[in-house]
Amino acid sequence: MSLNRNEKAAVIEEVAAQAAKSQTLALAEYRGLTVEALNKLRVDARAKGVYLHVLKNTLARRAVAGTPFEAASESMVGPLIYGFSEDAVAAAKVIADFAKGNDKLVIKAGAYAGKALDADGVKALASIPSKEVLLAQIAGLLMSPVQRMAGVLAALSEKRGGGEAPADAPAEAPAA
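With the sequence shown counted from 1, adding 25 to any position gets you our numbering.
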């Protein structure tokens, strides 16, 4: 099914708008994937906030012209599925994770921060933990010294005799 001029312009506009708010582009060849597999990939992508679309390469090149993703234009050949994400690793992670379980999806290229990535670059980007995981790791690192200090203070308190008796505890009668 061929698109008319207005439909092509609408596709270019939609993809350009998505590219403008995205940090990462991941490209994968989908030749041989079943409809069920493609639908599963789309559901996974949607759940992780990734815009995933099969596009004509000429339309994709026009849509990313003048954006940081233009660096990947040379890789836009063959039957490709395009994944854009606002999260720096989400698009690469969705495609790489799906490719691990399905050898028909072949990672081809990508772009991040204005630089073109090869298949290994996309896989490396996918191996970076998500933003939420990184924030949790940083919080854990920040809490570590506080927890150690609390442990040291508790040990010192026990060494000194366990601290003072609570005020509402009955006083012991002196031994006669």
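Glycine included, each C-beta is placed from N, C-alpha and C at the ideal position.
| Asked | Found |
| --- | --- |
| Does the region 119-139 come close enough to the region 163-175 that 3 or more CB-CB pairs lie under 8 angstroms? | no |
| According to the neighbour-count rule (16 or more other Cβ atoms, all chains shown, within 10 Å of its Cβ), is Ile163 buried or exposed? | exposed |
| Sorted by chain position, which residues of the same chain lie with C-beta nearer than 6 angstroms to Met101's C-beta, five sequence neighbours on each side aside? | Asn82, Ala85, Arg86 |
| What ranges does the beta strand (DSSP E) occupy inside the region 52-127, keeping only unbroken runs of at least 3 residues that lie completely in it? | 75-79, 105-110 |
| If you draw a straight line from the alpha carbon of Ile37 to that of Asp143, how long is it in whole angstroms? | 24 angstroms |
| Could you compute how far the alpha carbon of Lys184 sits from the alpha carbon of Met174? | 15 angstroms |
| By DSSP, does Ile153 sit in helix, in strand, or in coil? | coil |
| Classify Lys156: buried if its beta carbon has 16 or more other beta carbons within 10 angstroms, exposed otherwise. | exposed |
| To which residues does DSSP link Gly186 through a beta bridge? | Paired residues: none, contrary to the question. |
| Whole angstroms is fine: what's the gap from Gly186's alpha carbon to Gly176's? | 16 angstroms |
| Over what stretch of residues does the beta strand (DSSP E) that includes Lys133 continue unbroken? | 131-137 |
| Tell me Lys22's beta-bridge partners as DSSP assigns them. | Lying before the first or after the last residue shown, residue 22 is absent from the chain, which here runs from 26 to 201. |
| In whole angstroms, what separates the C-alpha of Pro93 from that of Ser182? | 58 angstroms |
| Can you give, in chain order, each stretch of the beta strand (DSSP E) that sits fully within the region 27-55 and has at least 3 residues? | 49-54 |
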